[in-house]
Structures are given as structure tokens and as C-alpha cells.
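Undergrad:
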Amino acid sequence: MIRRGSEPAFQQLVREIQAWELSPGEVLDPVVLALRLESSEAEVTEALGRLAAAGLVESRDGQGVVAGFDSENVVELFELREALEVQVARLVARRHDPQVFARLRRELSAAREACASAADGGFDVFYTVVDRFDEAMDDAVANPFLIGALAPIRAHLLRVRRVNPSASRFLQALAEQIGIVDAILDRDEVLAMQTTAVHLRASLTSLLGRMGVTDAWSQHRTGS
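Mapping to numbering that gives the first Met the number 0: the sequence shown position 125 is 124, numbers consecutive.
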């Protein structure tokens with residue numbers, strides 16, 4: 000059973016791993032973390048166990064360390080993400096509140112303009128509005144099983160997408176998400192599914208390119 004006392008430590012460690020404040024391979028000492036997080040060692044140990052179950056922490060030489068990832072892991076995550084999010088898009092096109100998604104479209108358009116003019120590429124703006132997009136989709140789909148299945152995938156991908164972030168990709172991704180929202184507003188389930196698939200495949204191609212890999216997806220899918 001998960002003790003509520005471990006939740007603050009768990010959430011803080013997730014944020015630090017996703018933000019690369021804790022890097023792959025970094026040792027996670029429960030005693031040191033307990034002091035820093037102002038938690039008990041038992042609470043931190045339980046939080047680390049939950050992180051291990053989510054795949055964000057692994058055991059190495061008897062110690063818990065931040066898990067790494069490679070291009071094959073990323074491809075596998077995106078394969079599962081596509082299967083789930085395409086279905087989410089279909090259901091949201093059927094179930095959504097038009098006012099909520101009209102507002103979301105305005106937010107995405109404003110974020111795209113802000114990213115285009117930001118000196119730093121608009122990274123913070125992008126991450127914030129993408130979180131809003133995910134929240135709106137989760138609320139509209141109203142399916143706790145789908146949301147629960149997506150949660151651990153997002154936990155990994157929030158970290159992965161910070162690899163060599165690309166301002167140009169941010170602009171393209173926001174345009175793709177606007178297209179998804181337009182399909183949802185039109186209640187076009189097929190187009191919502193298609194635009195979501197296109198968006199996810201473009202995101203994967205961009206991410207692999209930023210990792211220095213150009214053919215990992217095709218090799219993985221064909222077994223070559």
C-alpha cells in the first residue's frame with residue numbers, strides 16, 4: 000500500500016528527473032535525499048520503489064540510479080503512445096465541450112506566436128501549453144483507464160522531449176496540435192485520429208534526429 004507521506008518525495012523526484020536536474024546514471028541515496036527533501040528515509044525509499052516501477056529508476060550495483068534511455072526505448076514508447084492517443088483523439092472528437100476546445104485553440108495559437116517571437120525559443124511557453132493540451136484531452140475523454148495507461152508513458156516522454164529542444168519543432172508541433180483541435184471541433188473522428196498520428200510520428204522523427212539517430216524507427220519496425 001502506498002503511504003501518503005511518500006507522495007511529495009515521489010512527485011519532486013519525478014519533476015527533477017523530467018527536468019534533467021537528476022541525470023541518467025545518477026545515484027539516488029535515500030539518506031541524502033531524505034535530508035534534502037525533508038522526508039523520512041522510509042518515505043524516500045518508497046518513492047524510489049514507485050519510480051522503479053514506473054521505469055524512471057533502475058538498480059545498478061545494488062544502488063538505485065536514474066534510468067537511462069536509448070533510441071529503441073523511445074521508439075517503443077511512441078508506438079504505445081500512438082495506439083493510445085489516436086484512440087483518445089477519436090473519443091474526444093465525439094465527447095468534447097466545444098467551448099473548452101475553442102479556448103484551447105486560442106491558447107495554442109497564442110503560444111505559437113509567443114514561441115516564434117521569444118528569444119529563448121519559447122521553451123517554457125511550449126511546455127506549459129502542451130500540458131494544457133494533455134489536460135483538456137484527458138478531461139474530455141473521461142476514461143480513467145486510458146488516462147492511467149498514458150500516465151507512465153508521459154512521465155518518460157516529458158524527460159525525453161527535453162533532449163536538445165528545437166524551437167522550430169515547437170512551432171511545427173503547435174501547428175499540428177491546432178490541426179488536431181480543429182478536427183475535434185468539427186467532430187471529425189477520423190481526421191482527429193489521422194492528425195494525431197501525423198503529429199506523433201513527426202515528433203518521433205524530430206526527437207530521433209535530435210538524438211543523432213535517423214533510421215531507428217524504420218529499423219525497429221522492419222527488424223533490419
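Think of the CB as a built atom: it goes at the ideal place given N, C-alpha and C, for glycine as much as any other residue.
State the Cα-Cα distance for the pair residue 13 and residue 50, rounded to the nearest angstrom.
TA: 8 Å
Undergrad: Determine the DSSP secondary structure at residue 24, reduced to helix, strand or coil.
TA: coil
Undergrad: For residue 57, which residues does DSSP report across the bridge?
TA: 64
Undergrad: Please specify which runs of the alpha helix (DSSP H), each continuous and at least 4 residues long, are wholly inside the stretch 70-112, giving them in chain order.
TA: 70-94
Undergrad: Pull up the distance between the alpha-carbon of residue 107 and that of residue 41, whole angstroms please.
TA: 42 Å
Undergrad: Residues in the same chain with beta-carbon distance under 6 Å from residue 4, minus the five sequence neighbours each way, listed in chain order, please.
TA: Annotation for residue 4: 42 place their beta carbon closer than 6 Å to its own, counting only its chain and skipping 5 residues before and after.
Undergrad: Using alpha carbons as the reference points, say which of 211, 87, 168 lies closest to residue 201.
TA: 168
Undergrad: Taking DSSP as the reference, what is the three-state secondary structure of residue 211?
TA: coil
Undergrad: Quick check on the burial criterion: 16 or more other C-beta atoms within 10 angstroms. Buried or exposed for residue 211?
TA: exposed
Undergrad: Taking C-beta to C-beta, are residue 114 and residue 125 nearer than 7 Å?
TA: yes
Undergrad: Check residue 38 in the structure and name its three-state DSSP category.
TA: coil
Undergrad: Alpha carbons only, please: which of 86, 22, 122, 121 is nearest the one belonging to residue 137?
TA: 86
Undergrad: Cβ-heavy atom distance between residue 111 and the ligand FAD below 6 Å?
TA: The ligand FAD is not among the ligands present in this structure, which contains no ligands whatsoever.
Undergrad: Return the first residue and the last residue of the alpha helix (DSSP H) that residue 154 is part of.
TA: Note, residue 154: alpha helix (DSSP H), 143-159.
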